[in-house]
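These notes are about the structure you will find just below.
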Amino acid sequence: MASLLGVGHTYSNCSAIQNLTSMIDLHERMSPFDVSILDEIDQCKKDIQTALLSILDGRPVRRPARTGRHPEPERLVEMPPLTFIAATTRPGKMMQDLLNRFLVFELESYKASELAEIAMLVARSEGKSIDDEAATLI
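In our numbering, the protein residues as written are 569 to 706.
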């Protein structure tokens, strides 16, 4: 969808974002109005959620100093205005202030009969046929 709108996008599973520096590095390179998809946002550490709150509010983010082979001092980073899409099954584990910045859609699970119908449609689209019992097991 982002590509159709002519904007860039990135996908991140928050459990894979190790620290604040990696989150800032990911978003600092994005262009204004690009889309950042954050899956399992409830798994972001508190400092990352706090930084996301700052980005959403248009405030600069404090990037920690980097040590090692390529040291960098601590600095304030002005982030571009971005569009965030976040997903979670546990919104209660997010910082309330951050959760309040999102438009929340609660999705219902499929019923077993709907899943069986989807399985039959997929099988049919692939030139296969399955009976009702097999579709229900899938």
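For every residue, glycine included, the Cβ atom is placed at its ideal position computed from N, Cα and C.
Residue 595 sits close to residue 647, with the two beta carbons spaced by under 9 Å. Around the beta-carbon of residue 604, 16 or more other beta-carbon atoms lie within 10 Å, marking it buried.
Between residue 620 and residue 666, the gap from beta carbon to beta carbon is short of 9 Å.
Residue 660 is positioned such that its CB atom lies closer than 9 Å to that of residue 610. Around the Cβ of residue 606, a 10 Å sphere holds 16 or more other Cβ atoms; the residue is buried. With contacts defined by Cβ atoms closer than 9 Å, residue 640 and residue 630 do not form a contacting pair. Taking a C-beta distance under 9 Å as the contact criterion, residue 671 and residue 601 do not qualify as a contact pair. Residue 677 carries a coil assignment under DSSP once its states are collapsed to helix, strand and coil.
Assignment of beta-bridge partners to residue 643 by DSSP yields 631.
Taking C-beta separations shorter than 7 Å and ignoring five residues to either side along the sequence, the partners of residue 616 in its chain run 585, 588, 591, following chain order. A check of alpha carbon separations from residue 680 across 702, 597, 580 identifies 702 as the nearest.
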